[in-house]
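I have placed the structure first, in the form of structure tokens, so that the comments after it can refer back to it.
Numbering (this note's numbering), first residue to last: 150 to 429.
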């Protein structure tokens with residue numbers, strides 16, 4: 150929501166005034182709870198009430214915690230859609246998460262495992278935040294450059310898929326470390342660009358595209374149609390409801406949004422803003 154509000158998100162159109170928020174859980178007039186995603190609009194979900202297109206929504210499974218659904222769906226969707234709609238991922242493949250410390254990256258570890266990955270490598274800073282999420286190995290970017298290069302090269306020798314939430318210099322460095330160490334240059338390496346928290350541009354080594362079977366693609370709104378995204382919502386909601394993923398969530402009344410918005414992130418918990426009026 151922050152990037153949407155400040156206009157830096159790649160889908161931002163510069164229209165103001167703006168109500169941020171592209172998804173949420175809402176209670177319809179008949180009392181039914183539905184998870185929804187919104188079309189490109191300045192009237193977002195961070196409000197007491199909003200207008201949705203029911204075709205872009207799914208009913209929440211019976212007994213599901215709406216706070217957990219609201220907290221998990223959006224960050225989990227990034228890796229779920231990438232692995233389900235941007236590539237064909239046979240069971241048993243190896244997946245590297247570049248930028249696994251954030252909420253979406255942490256969930257990507259569990260999403261990849263849930264969808265059949267045999268091995269998941271978590272790459273990021275603050276390795277202590279990556280423990281206990283099911284990654285088979287961890288590469289921390291907090292070490293010296295030589296150690297990081299060696300660790301990335303070893304981890305990427307036989308990796309099949311990279312989910313990249315970083316971009317910028319880390320992507321250049323990771324490619325430069327991994328490509329020379331590939332055990333089989335003909336093995337497909339699907340590098341899926343999802344986020345750009347480390348920079349919106351990255352210098353891609355030309356040799357990476359010539360020396361190995363590198364498939365560089367992106368995943369997001371536009372590269373995946375709305376119809377395809379919506380078609381995945383029900384199965385993703387069921388996975389969230391089944392406790393397949395670890396998600397720390399806390400609810401905050403919407404009237405406290407200003408305080409919460411300016412608070413420094415002290416934990417990895419997801420904040421879910423809830424209607425301030427108690428009867429909604």
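For glycine and all other residues, C-beta sits at the position ideal for the given N, C-alpha and C.
Given residue i as reference, the closest of the options once Cα atoms are compared
i           : options               : result
residue 283 : 268, 294, 291 and 292 : 268
residue 342 : 239, 287, 364 and 180 : 364
residue 173 : 382, 339 and 279      : 382
residue 397 : 360, 316 and 224      : 224
residue 314 : 399, 418, 378 and 271 : 271
residue 201 : 175, 411 and 409      : 175
residue 211 : 369, 184, 249 and 190 : 184
residue 196 : 316, 278, 323 and 169 : 169
residue 93  : 236, 167 and 177      : This structure cannot speak to residue 93, because the chain is shown only from 150 to 429.
residue 330 : 167, 262, 301 and 354 : 301
residue 321 : 206, 275 and 354      : 354
residue 203 : 387, 392, 391 and 376 : 376
residue 333 : 289, 366, 307 and 350 : 307
residue 352 : 316, 199 and 295      : 316
residue 240 : 254, 246, 251 and 262 : 262
residue 245 : 285, 292, 277 and 296 : 285
residue 238 : 207, 339 and 276      : 339
Proximal residues to residue i (C-beta, below 6 Å), its chain only, five neighbours per side dropped
i           : result
residue 425 : 402, 403 and 404
residue 228 : 257, 260 and 312
residue 191 : 164 and 167
residue 264 : 232
residue 291 : 274
residue 213 : 390
Classification of residue i by the beta-carbon crowding that lies within 10 angstroms, buried from 16 upward
i           : result
residue 389 : buried
residue 374 : exposed
residue 242 : buried
residue 319 : buried
residue 187 : buried
residue 279 : buried
residue 221 : buried
residue 288 : buried
residue 266 : buried
residue 429 : Residue placement at residue 429 is flagged as unreliable, the pLDDT there being 45, under the threshold of 50; the coordinate-derived value follows with that caveat. Classification of residue 429: exposed, given that the 10 Å Cβ count is below 16.
residue 371 : exposed
residue 337 : exposed
residue 296 : exposed
residue 366 : exposed
residue 380 : exposed
residue 251 : buried
residue 359 : exposed
Anticipated Cβ contact below 8 Å, residue i with residue j, distance rounded
i           : j           : result
residue 230 : residue 218 : The Cβ separation is near 17 Å, so there is no contact.
residue 385 : residue 226 : 6 Å
residue 326 : residue 298 : 4 Å
residue 248 : residue 273 : 6 Å
residue 344 : residue 253 : 7 Å
residue 378 : residue 357 : The pair is not a contact, with the Cβ atoms about 29 Å apart (cut-off 8 Å).
Own chain residues within Cβ distance below 7 Å of residue i, not counting five before or after
i           : result
residue 400 : 216, 421 and 423
residue 395 : 259 and 282
residue 387 : 210
residue 335 : 362
residue 194 : 170, 171, 172, 173 and 187
DSSP bridge partner residues for residue i (one or two, in chain order)
i           : result
residue 295 : Residue 295 is not bridged to any residue.
residue 364 : 339
residue 271 : 246 and 287
residue 370 : 373
residue 400 : 421
Close Cβ partners of residue i (< 8 Å) along its chain, the five nearest in sequence each way excluded
i           : result
residue 418 : 397, 398 and 399
residue 409 : 401, 420 and 422
residue 411 : none
residue 205 : 185, 186, 187, 188, 375 and 379
Any C-beta of chain C under 8 Å from that of residue i
i           : result
residue 230 : Structure shown: chain C not included; a single protein chain is present.
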